[in-house]
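A.B. asks:
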Amino acid sequence: MRIQSLIAWFDERLSISTLVAIARKKEVPLHRHSIWYYFGGMTLFLFTVQVVTGILLLLYYRPSSESAFESVQFIITEVKFGWLIRSIHSWSANLMIATLFIHMFSVFFLRAYYPPREITWVSGVFLLFIVICFGFSGYLLPWNKLAFFATKVGTEIAGVVPVVGRPILRFLRGGDDVTGATLTRFFGFHVAVLPATATVFIAIHVLMVQMHGMSVPPKLLGQPVKKMKFVPNFILRDLIGWILAIGVLAALAALFPWELGEKADAFASAPAGIKPEWYFLFMFQTLKWLPAKILGMDGEVLGIMAFNIVALLLFIVPFVDRSDNRRRRLIFNLLGVLALLFIVVMTIVGYVT
Amino acid sequence: MNLGLLNGRIGRLAPAAAAAQISRVVPVLGVPRAFACALPVLTILLLFTTAAAQKKSSCIECHAKLDDPRLSAPAKLFDDDIHRTRGLSCNDCHGGDPNADTKEGAKDPRKGYLGKPKALDIPAYCGKCHSDASLMKKFNPSLRVDQEREYYTSVHGKLLKAGETRAATCISCHSVHGIRAINDPLSSVYPSNVAETCSKCHGSADYMRGLGIPSDQYEKYKTSVHAEALYVKQDLSAPTCNDCHGNHGAAPPGIASVANVCGQCHARQAELFQTSPHKAAFDQKELGECITCHGNHAINKPNDQLIGTTQGALCISCHTPGDKGFVAAGQMRSQIDKLIASLDKSNEILNRAERAGMEVSKPKFELKGAVDALTHARVLIHSSSTAEVDKVIGPGLEVSAKGYEAGTAALAERRFRREGLAVSLVFILFLAGLVYLKLRQIESRQATTE
Amino acid sequence: MQNIFGDKSTDPKHALKPTRRRFLDYLLGTSAFATLGAIFYPIFKFMQPPQIIESAENSVVAAKLSEIPTNSGKIFKFGNKPGIVLRTPAGELKAFSAVCTHLECIVQYRPDTKQIWCACHNGQYNLNGKNIGGPPPRPLEEYKVNTRGDDIVVTRS
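Protein chains in written order, with our numbering: chain A, 1 to 353; chain B, 1001 to 1450; chain C, 2001 to 2157.
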């Protein structure tokens, strides 16, 4: 048959059959924690949505302080379905960060970073920071009042760090102040630098997962673990999740369109009660609550340094916690729960106040 | 020495001024020609000696040390006086010799010492210089020199001439010794200080007793839209007492001239009023033009209730049902109400669309055209012509209707989005269900094969 | 040939309920197609250039040179605000915000008085936008004017 010979031709060159064989051989452990396996795939799916909607928005968006706001306004009023694409881009970004956090904490509590999966974890932490940078840079692009001041405050916080802070602030802002230069920069990060970096780390991350297979939680080792075929059983379940995610995104975009707000004005006074995006809120609230001076040092600086250290500690988790040990398990579970509680409580406090 | 020259001049003029208080024009015009020729030289010398003059003044030296505050205050206040900054000193008004070391020497009548003027003499006292065009030109070429003459046309001036010493003179408003330029915010006649300055006399029932005028003008004024503009909005061009009553010629505007007074600022309304049938009717009935409807000191922000034929409308105080004005008033009011109602409706739907997350900033902006028409219509009612009002109400209604349409369209778009969402959700959920069924099917088959 | 899902459609053991399965596959195909349609329809629509080609900018073509002879003016749309572009009796081109600073009526050019005039309350501005008569409390905001060929380009500074 002609189609079969065509497939054979490709197979000879791309060895599709090997890939198919690998895919069919791949299995997913089936146990009471299997649900958490879906969140990595969901994050990747939402990232794909971001890529597609992001490229679409690029058709009309203009990255300059004079026309950024107007072009976004144009997208949501004049361009057909522009409101939908733009709202999905915003909503999907937020959902992606949410699923990413869930994914990270589930991996942490299930100890999925045990050897030989250290690189998977480290690449995942890199992806976490890349995604947060995506969020921070993307937030400014509509050039509205809230984004303008959130960026001002956000970069200000970076500038507080001793020694390197000031150069970082100047690098981020493209000058001493948040201006059109900052917008151009953030645009560059958002559509070129970050996507390229993200692609590399996603490739590493996913490749590692394929190489090592899904991790079985250590406490379930030793018991017989049932397996599910990746293809078609797991992938079809993934697919159901993704289809539903499309539905959720469409519903959110149609029922709660992402607001545009007022155009940024460098000379306007900051609006009262300005808050960052929800995923920065716990840090924002912590810094607000820190006393001005701790042991003779600037409280804010200490807080920022602490967050930086925690961020660095995230990288070395798999190198510190290498094997199952009752006491260490207890300590790490406690640390994880405390971190989670801290984030949840501070976020809620940040919202309420 | 040079100052002596100037003193001599004032001294020479003073008796003439005293003799001809009523008509200061004569002596001013009568300045000897030779003297006029000497003036430029005089001025230059004056300017050169300004600094020197301030160095030595026995008047200030002595008076500043006196215990009686009535005698020491002038010397102290004079520090901030505009006359001092222009190089004048005590003796330029009061005469005498500031170089003399003794009281008797300084106050020597032979050196032109005049002393403290009586209230009746004050206008002429100031007028010695201020009514002299050629002299004042040296200090400020655009300064007017008719204040004294104008003063005697004012109620203040007439009362003073009749011997009423309570009447305000120059110093009642401008203060004395500490006189500041009128554009100095500390001046008692700076726009935002005028009303308070006037109220020092006019606000006191005691002071005004027997003069037959009320003393509540300032209190009333403070409630007015003009006071709000001046004090709250800090608009210095907003009218205070003198903008309607005049300053040096202060007097109540006559019935016939009220419209001219208000028309200084409200020109469009005044112009429209002149073309209206009200003009002749008001003249005939001797009604004050603007104030009949708007009041005088307590002029409040006008509202739409003032026009029309309903309770609270001013039109019905003259017009009776059935007459032409009654009909016109009712029509104008209903036109304005119609536009307001239409605007409210459009605003309401656009706000609703905005709250629902639709982007309607553009139609909202365009709706400003209708607000524009409403503002314009509220002015045009002064023509008392329904046709004039219709000319702007009509387009205003059109603009407003367009805003309403845009609001409806935005809400329709929102419905469309929801319907579209519902349809696509059906597909999506259906697909998800089918994939699930397929999965079940595959898994059941897998179970049988195992 | 087996597909990637390992669905051996020709396997006689699984041909028990072929109609039901085929029906399911058929439905699956159609609704997948419909969903893809629901996804791609907005995308294709999005990519089509809209009727108004460009979003509002900081500068706008206010008028053609020929439209504004000496001693005349024209109202133009500047973003969400009206602007007024005029040519002074001396032949100079000027542009201002056309929103009266008094009660936000739209001003106009008066060739007879050679002033910018607001009909609502007889507000007057001179040709530098300065309020010189009537109730306006502030001058009009001035814009930059450039010409590009026959176009008068007004820019917010």
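Note that CB positions come from ideal geometry on N, CA and C, so glycine has one too.
Residues of chain B with CB under 7 Å from P218(A), in chain order?
C.D. replies: Here residue 218(A) refers to the residue found at position 218 when the first sequence is read from its first residue. In chain order: nothing, as chain B lies at least about 28 Å away.
A.B. asks: Over what stretch of residues does the alpha helix (DSSP H) that includes F81(A) continue unbroken?
C.D. replies: In the first sequence, counting from the first residue as 1, residue 81(A) sits at position 81. No alpha helix (DSSP H) contains F81(A), which DSSP labels as neither H nor E.
A.B. asks: I want to verify the contact list: residues of chain C whose CB lies under 8 Å from the CB of E300(A), in sequence order.
C.D. replies: Position 300 of the first sequence, counted from the first residue, corresponds to residue 300(A). Simply none; closest approach about 37 Å.
A.B. asks: Got a sec: is the Cβ-Cβ distance from E259(A) to anything in chain B below 8 Å?
C.D. replies: Numbered from its first residue, the first sequence carries residue 259(A) at position 259. Yes, E259(A) lies at the interface with chain B (some Cβ there is under 8 Å from its Cβ).
A.B. asks: If you reduce the DSSP assignment to three classes, tell me which class W378(A) lands in.
C.D. replies: Residue 378(A) lies beyond the stretch modelled for chain A, which goes from 1 to 353, so this question has no answer here.
A.B. asks: Just confirm the distance between the C-beta atoms of K263(A) and W143(A), as a whole number of angstroms; I'd bet it's less than 8 Å.
C.D. replies: For this step, residue 263(A) is matched to residue 263 along the first sequence. For this step, residue 143(A) is matched to residue 143 along the first sequence. About 7 Å separates the two Cβ atoms, so the contact holds.
A.B. asks: So is K25(A) in contact with chain C if we call contact Cβ pairs under 8 Å?
C.D. replies: Along the first sequence, read from residue 1 onward, the residue named residue 25(A) stands at position 25. No, K25(A) does not count as interfacial toward chain C.
A.B. asks: E1286(B) to I2152(C), Cα distance in whole Å?
C.D. replies: In the second sequence, counting from the first residue as 1, residue 1286(B) sits at position 286. In the third sequence, counting from the first residue as 1, residue 2152(C) sits at position 152. Each residue's alpha carbon lies about 55 Å from the other.
A.B. asks: Can you list, in chain order, the stretches of the alpha helix (DSSP H) that have 4 or more residues and sit fully within the region 1289-1360 of chain B?
C.D. replies: Listed in chain order, they are 1291-1294 and 1324-1355.
A.B. asks: M228(A) bridges to which residues according to DSSP?
C.D. replies: Here the question's residue 228(A) lines up with position 228 in the first sequence. Note: M228(A) sits in a beta bridge opposite V28(A).
A.B. asks: On the DSSP bridge assignment, give the partners of D1235(B) in chain order.
C.D. replies: Along the second sequence, one-based indexing puts residue 1235(B) at 235. None, per the DSSP bridge assignment.
A.B. asks: Where T286(A) and F186(A) are concerned, what is the direct C-alpha to C-alpha distance, given to the nearest angstrom?
C.D. replies: Stepping through the first sequence from its first residue, residue 286(A) is reached at position 286. Stepping through the first sequence from its first residue, residue 186(A) is reached at position 186. Rounded to the nearest angstrom, the two C-alpha atoms are 26 Å apart.
A.B. asks: Note the first and the last residue of the continuous beta strand (DSSP E) segment covering V2085(C).
C.D. replies: Along the third sequence, read from residue 1 onward, the residue named residue 2085(C) stands at position 85. K2081 to R2087 is the span of the beta strand (DSSP E), which, as asked, contains V2085(C).
A.B. asks: Nearest CA to the CA of N2131(C): which residue from F2040(C), A2098(C), S2059(C) and N2071(C)?
C.D. replies: Position 131 of the third sequence, counting from 1, holds the residue named residue 2131(C). With distances taken between Cα atoms, N2131(C) lies closest to A2098(C).
A.B. asks: At the 8 Å Cβ level, is F256(A) part of the contact set with chain B, yes or no?
C.D. replies: As a first step, residue 256(A) is located in the first sequence; it is residue number 256 there, counting from the start. Yes - at least one Cβ of chain B is within 8 Å of the one on F256(A).
A.B. asks: Write down the C-beta distance between G1420(B) and A1353(B) rounded to the nearest angstrom, noting that I regard them as a contact closer than 8 Å.
C.D. replies: The count along the second sequence starts at 1 and reaches residue 1420(B) at position 420. The count along the second sequence starts at 1 and reaches residue 1353(B) at position 353. Wrong, their Cβ atoms sit about 17 Å apart, outside the cutoff.
A.B. asks: Tell me the rounded alpha-carbon separation between C1173(B) and K1368(B).
C.D. replies: Taking the first residue of the second sequence as position 1, residue 1173(B) is located at position 173. Taking the first residue of the second sequence as position 1, residue 1368(B) is located at position 368. In a straight line, the C-alpha of C1173(B) is about 45 Å away from that of K1368(B).
A.B. asks: Should S1154(B) be counted as a contact of the ligand SAM given a C-beta to heavy atom distance under 7 Å?
C.D. replies: What this structure holds is no ligand at all, so the ligand SAM is not there to describe.
A.B. asks: Does the count of Cβ pairs from the region 1376-1396 of chain B and the region 199-218 of chain A closer than 8 Å reach three?
C.D. replies: Touching, no.
A.B. asks: Listed in chain order, which residues of the region 1354-1380 of chain B have Cβ atoms closer than 8 Å to some Cβ of chain C?
C.D. replies: Residues passing the 8 Å Cβ filter: S1361, K1362, F1365, K1368, G1369, V1371, D1372, T1375, H1376 and V1379.
A.B. asks: Would you list, in sequence order, the uninterrupted alpha helix (DSSP H) runs of no fewer than 4 residues that lie entirely inside the region 1105-1188 of chain B?
C.D. replies: The qualifying runs are 1122-1130, 1133-1139, 1147-1151, 1155-1161 and 1170-1174.
A.B. asks: Using a threshold of 8 Å, state whether the C-beta atoms of C1290(B) and V1258(B) are closer than that.
C.D. replies: Your numbering for residue 1290(B) matches position 290 in the second sequence. Your numbering for residue 1258(B) matches position 258 in the second sequence. Closer than 8 Å, so yes.
A.B. asks: Applying the 10 Å Cβ sphere with the 16-neighbour rule, what's the burial state of T1275(B)?
C.D. replies: Along the second sequence, one-based indexing puts residue 1275(B) at 275. So T1275(B) ends up on the exposed side.
A.B. asks: Indicate the three-state DSSP secondary structure (helix, strand or coil) for A112(A) in the structure shown.
C.D. replies: As a first step, residue 112(A) must be located in the first sequence, where it is residue number 112. Coil.
A.B. asks: Can you tell which of I240(A), F149(A), Q50(A) and N308(A) has its C-alpha closest to the C-alpha of T182(A)?
C.D. replies: Counting from one through the first sequence, the residue named residue 182(A) turns up at place 182. Of the listed residues, the one whose Cα sits closest to T182(A) is F149(A).
A.B. asks: Would you verify that the beta carbon of E12(A) is, or is not, closer than 8 Å to some beta carbon of chain C?
C.D. replies: The sequence position of residue 12(A) within the first sequence is 12, counting from 1. By this cut-off, E12(A) is not an interface position.
A.B. asks: Report the option in Q1284(B), V1327(B) and V1371(B) whose CA atom is closest to the CA atom of L1343(B).
C.D. replies: Position 343 of the second sequence, counting from 1, holds the residue named residue 1343(B). The shortest C-alpha separation from L1343(B) is found at V1371(B).
A.B. asks: So, does the CB of I2132(C) fall closer than 8 Å to a CB anywhere in chain A?
C.D. replies: By one-based count along the third sequence, residue 2132(C) stands at place 132. Chain A contact via Cβ: absent.
A.B. asks: Using a Cβ-Cβ cut-off of less than 8 Å, list which residues of the region 215-247 of chain A approach chain B; keep chain order.
C.D. replies: If the cut-off is 8 Å between Cβ atoms, the region 215-247 of chain A has K229, P232, N233, L236, R237, L239, I240, I243, L244, I246 and G247 near chain B.
A.B. asks: Smallest Cα separation from Y114(A): which of V52(A), L335(A) and V317(A)?
C.D. replies: If you number the first sequence from 1, residue 114(A) lands on position 114. The shortest Cα separation from Y114(A) among V52(A), L335(A) and V317(A) belongs to V317(A).
A.B. asks: If you reduce the DSSP assignment to three classes, tell me which class A272(A) lands in.
C.D. replies: Counting from one through the first sequence, the residue named residue 272(A) turns up at place 272. Three-state result, A272(A): coil.
A.B. asks: Do you know how far the Cα of L30(A) is from the Cα of I16(A)?
C.D. replies: Your numbering for residue 16(A) matches position 16 in the first sequence. Your numbering for residue 30(A) matches position 30 in the first sequence. Their Cα atoms are separated by approximately 28 Å.
A.B. asks: Jot down the residue ranges of each uninterrupted alpha helix (DSSP H) in the region 2062-2117 of chain C, minimum 4 residues, whole runs only, in chain order.
C.D. replies: Runs of the alpha helix (DSSP H) inside the region 2062-2117 of chain C: none found.
A.B. asks: Would you check if the region 73-83 of chain A and the region 147-162 of chain A touch, i.e. whether three or more CB-CB distances between them fall below 8 Å?
C.D. replies: Not touching, per the Cβ criterion.
A.B. asks: R86(A) and L57(A): beta carbons closer than 8 Å?
C.D. replies: Locating residue 86(A) in the first sequence gives position 86, where the first residue counts as 1. Locating residue 57(A) in the first sequence gives position 57, where the first residue counts as 1. Going by C-beta atoms, R86(A) is nearer than 8 Å to L57(A).
A.B. asks: Are L281(A) and K275(A) closer than 8 Å when you measure CB to CB?
C.D. replies: To locate residue 281(A), count along the first sequence from 1; it is residue 281. To locate residue 275(A), count along the first sequence from 1; it is residue 275. Yes, the Cβ-Cβ distance between L281(A) and K275(A) is below 8 Å.
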